[in-house]
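Visitor: Residue numbers (the working numbering): 849 to 1237. Every residue, glycine too, gets a C-beta built ideally from N, C-alpha and C.
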Ligand code: NZQ
Ligand code: ZN
């Protein structure tokens, strides 16, 4: 049965190759003090930084910068950004970059006016902010996380070797607006492009592989999966194909903007495993997910057989004629595996720097969630990780 829910997504989106002009529309809604948040410099190389600065200057904004937000942003970097935003009395945090920059801006937003330690408050106790938050706007340059239209923020505590995500329930943590220009993603290296594509696909899987009810969200999920697989094959061969890249960008947003989780249970164990691998290796997020997915799905397949069979038929076009349910389901995973290999995704955690002696530590850092077809115990986590090596 479709469960009860409320749904509200307040992020205003501007999509398309002319979408940056709408920054002009948005900026007057906020005060003068803007903190521009960005990563390690890609926006300076591809010219996006100059375009954004020009608009900010034309609007007479008083701009400070938080530069050098790294992939998998760290707690130490968060403390630094909080100080900059406080000193600048930020009225708007403008994140220009990928999920890391956008997530980071949200973490700064909820921490600037808060006296508690942000790690303890938001990433250990998972509290909601009880202080005034700073609005976040986003100009997206990397596709995958869905951070542009959700209230998620993932921060890595390098000292504790923990990478933790908090999906805030307060909608005001979602970006107030996001500018999605597919052209901005054309300079992404192939490795980042395919990592983002797998991140999208896995976000959909995490919400699909749970529950046995008949649920509209699962039908939407199947359509999104088919779209991303189709476009990824085009983009893999021709990375400058605007049509494919724009479809991938749009699918990413819908894969994790809360819609397809409504009224149903969700799993998220691939992400929990991937985040623990990431905390120990600092590997690219989408690649950590790719590396653990097949061992995990093969492990839970017997407990969610009907859904895996449906996945094989509806997403991968597997024929069920004369075959057992198990055979159909396994054929679906094989089709998924060959697509993953075609894209050149990481198929093992050892490719990402994980070694056998890290397995216990990674397993210990894996948060065990209860929404999937099988609640894993520690031994099963170790088994899946060993099979991912
Ligand atoms: O730092 P710069 O120089 O900008 O380079 C970045 C970075 O090295 C580069 N890049 C971004 N746009 C580019 C570009 N290079 C060339 N041209 C462009 N247009 O790409 C690299 C990766 O960027 P990053 O932002 O780290 O990637 P992504 O968007 O995958 O974000 C990953 C982070 O998001 C978290 C992940 O855990 C990870 O920390 N997630 C956030 C989620 C959410 N908010 O809901 C959910 C996800 O499951 C995920 O956990
Ligand atoms: Zn993800």
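Between residue 926 and residue 966, is the Cβ-Cβ spacing less than 8 Å?
Guide: yes
Visitor: If we call anything under 8 Å between Cβ atoms a contact, is residue 918 one with residue 948?
Guide: yes
Visitor: Looking at the secondary structure, which residues open and close the alpha helix (DSSP H) in which residue 1207 lies?
Guide: 1207-1212
Visitor: Are the C-beta atoms of residue 1142 and some chain C residue less than 8 Å apart?
Guide: Protein chain content of the structure displayed is limited to a single chain, and chain C is not contained in it.
Visitor: With burial defined as no fewer than 16 other Cβ atoms inside 10 Å of the residue's Cβ, what is the status of residue 816: buried or exposed?
Guide: Examination of residue 816 is not possible in this model, given that the chain is present from 849 through 1237 alone.
Visitor: So residue 954 and residue 1001 are supposed to be a Cβ contact under 8 Å. How far apart are they, rounded?
Guide: 4 Å
Visitor: On the DSSP bridge assignment, give the partners of residue 1003 in chain order.
Guide: 1012.
Visitor: The beta strand (DSSP E) that contains residue 957, what's its start and end?
Guide: Residue 957 -> not in any beta strand (DSSP E); alpha helix (DSSP H) instead, spanning 947-959.
Visitor: Might you give, ordered along the chain, the residues of its own chain that have their beta carbon closer than 6 Å to the beta carbon of residue 1136, omitting 5 neighbours on each side?
Guide: The beta carbon of residue 1136 lies closer than 6 Å to those of 1122, 1125, 1126 in the same chain, with the five residues before and after it left out.
Visitor: Below 8 Å between beta carbons: does that hold for residue 867 and residue 1028?
Guide: For residue 867 and residue 1028, yes; Cβs fall inside 8 Å.
Visitor: Below 8 Å between beta carbons: does that hold for residue 1148 and residue 1209?
Guide: no
Visitor: Opposite residue 942 in the DSSP bridges: which residues?
Guide: Beta-bridge pairing links residue 942 to 884, 985.
Visitor: Under 8 Å, do residue 1201 and residue 1129 count as touching if we go by C-beta distance?
Guide: yes
Visitor: Could you spell out where the beta strand (DSSP E) holding residue 1089 opens and where it closes?
Guide: Residue 1089 -> no beta strand (DSSP E), and no H or E assigned at all.
Visitor: Would you mind working out which of 1206, 1046, 1112, 1102 sits nearest residue 1189, comparing C-alpha positions?
Guide: 1046
Visitor: Does the Cβ-Cβ distance between residue 1166 and residue 1185 come in under 8 Å?
Guide: Not a contact, by the Cβ cut-off of 8 Å.
Visitor: Does residue 1218 pass the burial test, meaning 16 or more other C-beta atoms within 10 Å, or should it be called exposed?
Guide: exposed
Visitor: Determine the extent of the alpha helix (DSSP H) in which residue 1153 is found, giving its start and end residues.
Guide: DSSP places residue 1153 inside the alpha helix (DSSP H), whose first and last residues are 1153-1164.
Visitor: Where does the unbroken beta strand (DSSP E) through residue 861 begin, and where does it stop?
Guide: 860-863
Visitor: Measuring from the CB of residue 990, is there a heavy atom of the ligand NZQ at a distance below 7 Å?
Guide: Residue 990: yes, Cβ under 7 Å from the ligand NZQ.
Visitor: Determine the extent of the beta strand (DSSP E) in which residue 1025 is found, giving its start and end residues.
Guide: 1025-1028
Visitor: Mind checking residue 994: buried by the 16 CB within 10 Å criterion, or exposed?
Guide: buried
Visitor: Who are the near neighbours of residue 1105 in its chain, counting only those whose CB is closer than 7 Å to its CB and skipping five residues on each side?
Guide: 857, 994, 997, 998
Visitor: So does residue 919 have its beta carbon nearer than 7 Å to some heavy atom of the ligand NZQ?
Guide: yes
Visitor: Let me check understanding here. Comparing Cα to Cα, which of 1070, 1016, 1199, 1095 lies closest to residue 1082?
Guide: 1095
Visitor: Using only the heavy atoms of the ligand ZN, determine whether one of them is closer than 7 Å to the beta carbon of residue 1014.
Guide: no
Visitor: In terms of residues, what are the limits of the alpha helix (DSSP H) holding residue 1127?
Guide: 1117-1129
Visitor: Could you check if residue 1142 belongs to the surroundings of the ligand NZQ, using beta carbon to heavy atom distance under 7 Å?
Guide: no
Visitor: Compute the Euclidean distance between the alpha carbons of residue 1050 and residue 1011, then round it to the nearest angstrom.
Guide: 18 Å
Visitor: Taking 7 Å as the cut-off, does the CB of residue 1252 come closer than this to any heavy atom belonging to the ligand NZQ?
Guide: The requested residue 1252 is not part of the displayed model; the chain covers only 849 to 1237.
Visitor: For residue 850, does the count of other Cβ atoms within 10 angstroms reach 16, so buried, or fall short, so exposed?
Guide: exposed
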